[in-house]
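If you're matching them up, the sequences are chains A and B in order.
Under the numbering used here, the residue at position 216 of the first sequence is numbered 239, and the numbers go up by one with no gaps.
Under the numbering used here, the residue at position 153 of the second sequence is numbered 176, and the numbers go up by one with no gaps.
2 protein chains.
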Amino acid sequence: MSLLVTGTIGIDTVETPDAGRREELLGGSAVYFCAASSFYTQPRLVAVVGDDFPEPFMDTLKSFESVDLTGLEVREGSKTFRWGGKYMDDMDRRETLFTELGVLEEAPPSVPESFKDSKVLFLANSHPMVQLGMLEQCSDLDLSVVDTMDLWIDIAKPELTNLLGKVDGLVLNFDEAEQYTGHRNPVTAGKHLLELGPRFVVIKKGEHGCILVHRDGICAMPAYPTEHVVDPTGAGDSFAGGMMGRLAARGGHDLGSFESIRDALAHGTIIASFNVESFSLERMQSISRKDVNDRYDQFASMMRFGE
Amino acid sequence: MSLLVTGTIGIDTVETPDAGRREELLGGSAVYFCAASSFYTQPRLVAVVGDDFPEPFMDTLKSFESVDLTGLEVREGSKTFRWGGKYMDDMDRRETLFTELGVLEEAPPSVPESFKDSKVLFLANSHPMVQLGMLEQCSDLDLSVVDTMDLWIDIAKPELTNLLGKVDGLVLNFDEAEQYTGHRNPVTAGKHLLELGPRFVVIKKGEHGCILVHRDGICAMPAYPTEHVVDPTGAGDSFAGGMMGRLAARGGHDLGSFESIRDALAHGTIIASFNVESFSLERMQSISRKDVNDRYDQFASMMRFGE
């Protein structure tokens with residue numbers, strides 16, 4: 024099934040406690056998402072960069088051959104989004120060093136005509152009004168899932184609430200779920216969010232895994248236990264990419280069922296566990312589908328007890 | 024297989040953000056452990072209280088019929104251990120309000136002759152020298168597992184390190200693993216601890232589940248996702264009780280194998296998830312083995328994907 028994603032493309036600076044500082048990295052929510060989902064399907068990207076977007080980054084995007092770049096707009100006279108972040112010693116917390124919105128402050132990109140028949144849509148983090156605009160350009164959807172962040176809960180909660188009434192699923196962080204609902208317990212927070220419209224909510228807990236709160240059931244899943252955490256940037260987006268890519272590839276008559284989402288979360292978990300093992304897309308560029316399958320099988324057998 | 028546990032019996036005061044304050048509660052590591060493991064086997068308790076130990080608490084202990092109280096010493100002229108704690112809003116952190124060691128400052132209880140043939144030993148949290156003394160009284164062990172706490176890592180690390188060279192397994196909290204090893208990554212911390220002797224280390228992460236680092240493999244397990252967290256006191260001890268009770272009940276030629284411990288952790292997870300649903304032993308008193316089995320089955324099927 025066709026998978027459309029819209030989100031950011033950025034040029035990142037990242038400081039980590041162990042692996043040091045790296046500048047001029049290819050990043051952004053849609054980039055991590057596309058690389059991750061490309062292990063499963065042919066994602067369609069809708070995003071915009073400025074005319075300063077480096078040629079080598081374009082080559083990197085093209086190196087993920089299954090990604091359809093038809094909807095990638097290079098806007099003349101505009102600047103690509105830039106973000107800098109610094110991870111604390113525990114790697115779970117980070118502070119933003121700088122944000123240069125650039126082209127993200129201008130009109131959003133359009134969904135190409137050839138993408139408007141997409142069946143699965145992921146709205147990576149951006150302003151809820153921008154997300155709504157994208158959603159409304161796709162009229163043939165079987166499944167729509169939205170990500171968000173603390174900033175929009177702060178400054179655009181009514182718009183976000185409105186959007187939640189129109190999508191099938193929501194993906195957000197533990198702290199954001201508490202921020203939105205006032206409930207720290209993730210099951211309680213998830214149930215509260217379901218009342219606003221979505222059929223399921225995925226609450227991400229970073230190294231502690233995730234909780235799925237679905238109208239038809241609840242599931243907790245640990246992160247894949249790894250020692251090799253170099254740079255957590257993009258973990259959430261590659262998690263979503265693996266999850267949505269698996270859903271689109273698997274297809275079926277009820278993409279958003281409890282069993283379907285639970286299965287997809289395990290795939291997201293595995294892709295995210297690779298992504299954090301290096302900066303930018305470096306790890307995802309170095310692995311094969313077989314590497315993904317092998318780690319997935321290991322994870323699934325790790326979880327299989329009581330037989 | 025016979026399971027021996029030694030640890031504390033206390034009279035607790037607990038303050039929680041939602042369910043208020045409760046005084047004069049039956050508590051202590053050995054008490055929670057025995058109640059939990061009694062769902063699986065007939066635990067043998069070695070512990071000491073003062074002559075102030077309330078009769079109703081003795082009745083409660085006796086109500087867990089399979090617990091063998093032969094090793095429970097009531098010491099004349101001594102005071103029972105008392106502890107008070109207050110949970111913060113997030114329920115994950117607590118502060119100690121008071122500690123009255125009482126009888127814990129005196130000579131430890133002895134292991135009765137009839138218990139010295141025990142095959143499985145759990146040394147609940149106490150001074151590593153006291154734990155070592157207990158260990159040395161049991162000469163026919165198939166499996167020994169020790170718990171500890173931040174205090175002993177602070178003030179008795181050499182004694183604890185010595186003890187770790189003599190046991191099969193270690194159970195401790197995430198923060199304690201970091202405190203001991205200097206590594207925050209639980210897999211790295213666990214591997215470091217394995218070098219000191221144990222065959223496996225279980226790192227407890229409270230509501231985020233646990234990580235098993237075993238010489239023969241690594242496993243992450245989420246906590247059972249529940250909304251009904253009333254009082255987390257005893258969660259770690261009931262987790263250990265469910266785990267060790269299951270191991271002792273299951274028996275077999277290699278109790279400490281990776282598969283055996285992994286299976287047991289799921290049982291610990293389920294018992295702990297019941298325990299936190301009320302104060303003291305109240306929830307464990309109200310459930311049957313069938314309740315435990317039903318939730319276990321639900322948890323196991325929740326974790327079964329990729330088939």
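Even for Gly, the Cβ is constructed at its ideal location relative to N, Cα and C.
Being a predicted model, the structure only gives us computed values, none of them experimental.
Separation of A/V126 from A/L155, as counted between CA atoms = About 19 Å.
Please compile the residues from chain A whose C-beta is within a distance smaller than 9 Å of the C-beta of B/G232.
-> Within chain A, H231, G232, A243 and P245 have C-beta atoms less than 9 Å from the C-beta of B/G232, given in sequence order.
Exposed or buried, what is A/K139 when buried is set at 16 or more other beta-carbons lying within 10 Å of its beta-carbon?
-> Label assigned to A/K139: exposed.
Give a yes or no on whether the minimum CB-CB distance between B/V134 and chain A is below 9 Å.
-> For B/V134, the nearest beta carbon of chain A is not closer than 9 Å to its own beta carbon.
Note down, in chain order, all residues in the region 247-262 of chain B with a beta-carbon under 8 Å from any beta-carbon belonging to chain D.
-> Absent from the structure: chain D. Protein chains present are A and B.
Expressed to the nearest angstrom, what Euclidean distance is found between the alpha-carbon atoms of A/S309 and B/P221?
-> Approximately 36 Å between the Cα atoms of the pair.
Enumerate in chain order the residues of its own chain whose CB-to-CB distance from B/V97 is below 7 Å, with the five nearest sequence positions on each side excluded.
-> Hits under 7 Å: V72, D74 and F76.
Where A/T211 falls: helix, strand or coil (DSSP) = Reduced to three states, the DSSP call for A/T211 is helix.
Simplified DSSP assignment, three categories, for A/S61 = DSSP places A/S61 in coil when its eight states are reduced to three.
Between the CA atoms of B/P248 and A/C242 - distance to the nearest angstrom = Those two C-alpha atoms are separated by around 7 Å.
Terminal residues of the continuous beta strand (DSSP E) containing A/D91?
-> Residues D91 to R98.
Determine the closest residue to B/G50 out of B/I284, B/G100, B/D254 and B/Q65, with distance taken between C-alpha atoms.
-> The candidate whose alpha carbon is nearest that of B/G50 is B/D254.
Alpha-carbon to alpha-carbon, B/V194 and A/M111 | Here the alpha carbon of A/M111 sits roughly 27 Å from the alpha carbon of B/V194.
The region 33-43 of chain B / the region 279-297 of chain B touching (three or more Cβ pairs under 8 Å) = Segments in contact, no.
Neighbour list for A/K228 in chain B, Cβ cutoff strictly below 7 Å = H231, listed in chain order.
By DSSP, does A/H231 sit in helix, in strand, or in coil?
-> Note: A/H231 maps to helix in three-state DSSP.
Residues of its chain near A/L166, where Cβ-Cβ distance is below 8 Å and the 5 sequence neighbours each way are ignored = Only K142, V143, L144, D191, G192, L270, L278 and G279 meet the Cβ criterion.
Which residues in the same chain have their Cβ closer than 6 Å to the Cβ of B/G264, if we skip the five residues on either side of it in sequence?
-> For B/G264, the CB contacts under 6 Å within the same chain, skipping 5 residues up- and downstream, are F56, A59 and S60 in chain order.
In the DSSP assignment, find the unbroken beta strand (DSSP E) run with B/Y110 in it and report its ends.
-> DSSP places B/Y110 in the uninterrupted beta strand (DSSP E) bounded by F104 to Y110.
Given that a residue counts as buried once 16 or more other Cβ atoms are within 10 Å of its Cβ, and exposed if not, what is B/F80?
-> Under this definition B/F80 is a buried residue.
Mapping DSSP to helix, strand and coil, what is A/S23?
-> Residue numbering for chain A in the displayed model covers 24 to 330; residue 23 of chain A lies beyond these limits and cannot be assessed.
Reducing DSSP to helix, strand and coil, say where A/E199 ends up.
-> Three-state DSSP puts A/E199 in a helix.
Report yes if the C-beta distance between A/M307 and A/V28 is below 9 Å; otherwise report no.
-> No, Cβ-Cβ distance for A/M307 and A/V28 is not below 9 Å.
Run of the beta strand (DSSP E) containing B/F121, from where it starts to where it stops | In the DSSP annotation of this structure, the continuous segment of the beta strand (DSSP E) that includes B/F121 starts and ends at R117 to E123.
B/R44, DSSP secondary structure in three states | Correct three-state label for B/R44: strand.
Neighbouring residues, chain B, relative to A/V299 (Cβ below 7 Å) | Under the 7 Å cutoff, chain B gives no residues; its nearest Cβ is about 11 Å from A/V299.
If the cut is a Cβ gap below 7 Å, which residues of chain A does B/F138 touch?
-> Those do not exist, as B/F138 stays about 31 Å from chain A at its closest Cβ, beyond 7 Å.
Which one of B/T31, B/E47 and B/G30 has the shortest CA to CA distance from B/S303?
-> Among B/T31, B/E47 and B/G30, the Cα nearest to that of B/S303 is on B/E47.
Buried or exposed: B/I178, going by 16 or more other Cβ atoms within 10 Å of its Cβ?
-> By the 16-neighbour rule on beta-carbons within 10 angstroms, B/I178 is exposed.
Name, please, each residue of chain B whose Cβ falls closer than 8 Å to the Cβ of A/N208.
-> The contacting residues are E250 and V252.
B/A130 burial status per 10 Å Cβ neighbour count (16 or more: buried) | Classification of B/A130: exposed, given that the 10 Å Cβ count is below 16.
Give the interface partners of B/F223 over in chain A, defined as CB-CB distance under 7 Å, in chain order.
-> Per Cβ cutoff of 7 Å: no residues; B/F223 is ~14 Å from chain A at best.
With DSSP run on the structure shown, which of helix, strand or coil describes A/L193?
-> Reduced to three states, the DSSP call for A/L193 is strand.
Between the CA atoms of B/V134 and B/V224 - distance to the nearest angstrom = Near 26 Å, if we compare the C-alpha coordinates of B/V134 and B/V224.
Under a three-way DSSP split, which group does B/H237 fall into?
-> Note: B/H237 maps to strand in three-state DSSP.
What residues in the region 104-122 of chain B bring their beta carbon closer than 8 Å to a beta carbon of chain A?
-> The residues in question are D112, D113 and M114.
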